[in-house]
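Asks:
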Amino acid sequence: MLPNRVLVLLLLVATLACKRESDPDPVVCRLVGMTDQNVDPGGNLTNVLERGFTYNGQALASLFERSTRQEASFQTVYENNRLVRAANSQATITFDFAGANTPATRATYASGGRTQTVFTMEYTPAGRLSKIVEARQVLPTGALINERTFTFTYDVTGNLINERSRFGYIDGTAVVQETDYTFDANPSPYTYLPEPCLMTVMALIQNNEGLPGRFWHQKAPSGFRTYAINANGTRGSLRESTTISLLYDADNKLTAQEQNSQTYTLSVPTPISRKSRQAFTYQCE
Numbered sequence: 003m004l005p006n007r008v009l010v011l012l013l014l015v016a017t018l019a020c021k022r023e024s025d026p027d028p029v030v031c032r033l034v035g036m037t038d039q040n041v042d043p044g045g046n047l048t049n050v051l052e053r054g055f056t057y058n059g060q061a062l063a064s065l066f067e068r069s070t071r072q073e074a075s076f077q078t079v080y081e082n083n084r085l086v087r088a089a090n091s092q093a094t095i096t097f098d099f100a101g102a103n104t105p106a107t108r109a110t111y112a113s114g115g116r117t118q119t120v121f122t123m124e125y126t127p128a129g130r131l132s133k134i135v136e137a138r139q140v141l142p143t144g145a146l147i148n149e150r151t152f153t154f155t156y157d158v159t160g161n162l163i164n165e166r167s168r169f170g171y172i173d174g175t176a177v178v179q180e181t182d183y184t185f186d187a188n189p190s191p192y193t194y195l196p197e198p199c200l201m202t203v204m205a206l207i208q209n210n211e212g213l214p215g216r217f218w219h220q221k222a223p224s225g226f227r228t229y230a231i232n233a234n235g236t237r238g239s240l241r242e243s244t245t246i247s248l249l250y251d252a253d254n255k256l257t258a259q260e261q262n263s264q265t266y267t268l269s270v271p272t273p274i275s276r277k278s279r280q281a282f283t284y285q286c287e
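Numbering (this note's numbering), first residue to last: 3 to 287.
1) Might you give, ordered along the chain, the residues of its own chain that have their beta carbon closer than 8 Å to the beta carbon of residue 72, omitting 5 neighbours on each side?
2) Out of 97, 170 and 42, point me to the one whose CA is closest to residue 151's CA.
3) Let me know if residue 199 comes out buried or exposed under the rule of 16 or more other beta-carbons within 10 Å of its beta-carbon.
4) Under the three-state reduction of DSSP, which class applies to residue 203: helix, strand or coil?
5) Classify residue 246: buried if its beta carbon has 16 or more other beta carbons within 10 angstroms, exposed otherwise.
6) On the DSSP bridge list, what partners appear for residue 1?
7) Between residue 85 and residue 218, how many whole angstroms is the CB-CB distance? I'm expecting something under 8 Å.
8) Per DSSP, residue 223 forms a beta bridge with which residues?
9) Tell me the DSSP secondary structure of residue 32 in three-state form.
10) Which ranges would you report for the beta strand (DSSP E) in the stretch 42–85 if only whole runs of at least 3 residues count?
11) Helix or strand or just coil, what does DSSP make of residue 150?
12) Return yes when the Cβ of residue 69 is within less than 7 Å of the Cβ of residue 92, no when it is not.
13) Which residues in the same chain have their Cβ closer than 8 Å to the Cβ of residue 212, if we skip the five residues on either side of it in sequence?
14) Can at least three beta-carbon pairs, one atom from the stretch 226–244 and one from the stretch 124–140, be found at a separation below 8 Å?
15) Going straight from the alpha carbon of residue 57 to that of residue 142, what length do you get?
16) Apart from the five residues just before and just after residue 201, which ones in its own chain have a Cβ nearer than 6 Å to its Cβ?
17) Classify residue 67: buried if its beta carbon has 16 or more other beta carbons within 10 angstroms, exposed otherwise.
Laid out in structure tokens, this is it:
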């Protein structure tokens, strides 16, 4: 029989031999690029929208948005680990806060030394954007809309299920519509992007985004339906019906999708078909 001291030593060696190595640091992925291509019924490319993002560690360092009409890029400025400003050589987006540990409640876009647009934001108790109002101080050339309001509703798990848009015109009239979403089981690509509030504001400034709720989705949308809202607040006719085909990589990150839309108007009984393709790229480390 082995002495007790030898048995203890053998048990210790066996325990160490069977002990698993500690798990390495988890891989962190960030969204670095998005391309959106619009295609006409004949298969011809009609417009391309690109967005790109760079990082300093895990913090967003810069972002750009480029379309066939215009281009803008911004460098971020942080104070006490909080984004307070994004700027380029001609323009700034400045964020204001109600408290030390609260999200931004106001964003001011200035260009050429003059305030162009002021945004006010509201949030759910969980910190998700519930409302953003854009009050244009200077109207873009040819624009008739001086105020846009977007209101977001989430389910109990945090998915954005409804987005209501109100477009206020300079003559005092308004057009209201709302969009219902369906979802896939995997994450939206924008969950890999920090600072969704900045992305929302920038996209609205560039006037390339009609559904800014996309930056707040937790799960990738698989489709949506947009309806007109009547003057009495009731839901009216269907304006758009869209289905989305989704393609993921081995880690369930969305890499490509194709949207097929049917747009309806009161003057044209036959729906208009539209198609667009989006691609997403990531950086993981």
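The C-beta atom is built at its ideal place from N, Cα and C for all residues, glycine as well.
Replies: Inspection of the coordinates gives the following:
1) Counting from one through the sequence shown, the residue named residue 72 turns up at place 70. Taken in chain order, the residues that qualify are 208.
2) On the sequence shown, residue 151 is found 149 positions in, with the first residue counted as 1. Checked all of 97, 170 and 42; the closest Cα to residue 151 is 170.
3) For the purposes of this step, residue 199 is taken as residue 197 along the sequence shown, with counting starting at 1. Under this definition residue 199 is a buried residue.
4) As a first step, residue 203 is located in the sequence shown; it is residue number 201 there, counting from the start. Three-state DSSP puts residue 203 in a helix.
5) Mapped onto the sequence shown, residue 246 falls at position 244. That one is buried.
6) In the structure as shown, the chain starts at 3 and stops at 287, and residue 1 therefore has no counterpart that could be examined.
7) Taking the sequence shown and counting its residues from 1, the one referred to as residue 85 is at position 83. Taking the sequence shown and counting its residues from 1, the one referred to as residue 218 is at position 216. Not quite, the Cβ-Cβ distance comes to about 16 Å (not below 8 Å), so this is no contact.
8) In the sequence shown, residue 223 corresponds to position 221, counting from 1. BP columns for residue 223 point to 185.
9) Against the sequence shown, residue 32 aligns to sequence position 30. In this structure, residue 32 counts as strand in the three-state DSSP scheme.
10) 47–58, 61–68 and 73–81
11) Against the sequence shown, residue 150 aligns to sequence position 148. Strand.
12) Counted from its first residue, the sequence shown places residue 92 at position 90. Counted from its first residue, the sequence shown places residue 69 at position 67. No, they are not a contact pair.
13) The residue given as residue 212 occupies position 210 in the sequence shown. Excluding residues within five positions, the ones whose Cβ falls inside 8 Å are 167.
14) no
15) By one-based count along the sequence shown, residue 57 stands at place 55. By one-based count along the sequence shown, residue 142 stands at place 140. For residue 57 and residue 142, the distance between alpha carbons rounds to 31 Å.
16) One-based indexing of the sequence shown puts residue 201 at position 199. Excluding sequence neighbours, residue 201 sits near 217.
17) Counted from its first residue, the sequence shown places residue 67 at position 65. Buried is the call here.
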